[in-house]
Structures are given as structure tokens and as C-alpha cells.
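Colleague: Got a structure here, written out as C-alpha cells. Questions coming.
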Ligand SMILES: [Zn+2]
């Protein structure tokens, strides 16, 4: 049951999703570089251990923050790519679980949503 969204509406969401994909890809690249840098800093800190070093603790915190940010961005990127696939297959805007139309008000806020509010809250 393909949804009848106007082509112009579909193109609007496609553009937003492609922009989001671009933004996330850059974010993930930047995080990967920051993580690599943190790893190298940590490796050099291990060569000259300083147990009283408070900076090492905050570095570890920064590293974990960066890592979880990167993980969130990767998860979101998968959703964005999945939504783009659904535009291609003509299934965009239809809930993957119950088959109901997802209101455009929801798609305006979350263009990568592939579940209606009810199904999303049950997952
Ligand atoms: Zn649903």
C-alpha cells in the first residue's frame, strides 16, 4: 500500500534527508579523527605514566563522550539511509509496523521516521 504523497512533498523530505546524511557523515568523520587523536595521546601518556594526572581522567571522559556521540550519529545515519531507501521503493511515509500513514507533521520533525508515533513508542 504505497502512500500518495505529492512528488514535491517527497522531494522536500528527500532533500532534507540527503542534507542530514551529509551532515552526519562529516560528524562521524570528525569524531573518528578526534578518537584517533585521543588514542594517540593516551598511548603516549602510557609511556610516561603519571598516576596523579587529573588530565588523564578528563581525557578519558572526553574520549567516551566523543565515542557515544559518534555512535549516536551512526545510528541516526542508518535511519536516514533507511528512510531514503523507502523513498526509492515508494514506501516512504508508511509505518513499517502497522502500515498506517505517518502524519506529515511527524515527518516534518523527524524526516527519517519510518514508524508512526504509536508503533515507535511500543518499540
Ligand atoms: Zn504504526
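Residue numbers (the working numbering): 23 to 145. Heads up, the beta-carbon is just placed ideally off N, CA and C, and yes, glycines get one too.
1) Can you check which of these residues, 39, 119, 80, is closest to residue 130 by C-alpha distance?
2) Can at least three beta-carbon pairs, one atom from the segment 86-100 and one from the segment 43-57, be found at a separation below 8 Å?
3) Using alpha carbons as the reference points, say which of 32, 120, 126 lies closest to residue 140.
4) Where do the N-terminal and C-terminal ends of the alpha helix (DSSP H) with residue 128 fall, by residue?
5) Can you tell me where the alpha helix (DSSP H) holding residue 142 begins and where it ends?
6) For residue 54, count neighbouring Cβ atoms within 10 angstroms of its own Cβ and tell me buried if that reaches 16, exposed if not.
Modeller: Short version:
1) 39
2) yes
3) 120
4) 126-131
5) 139-144
6) exposed
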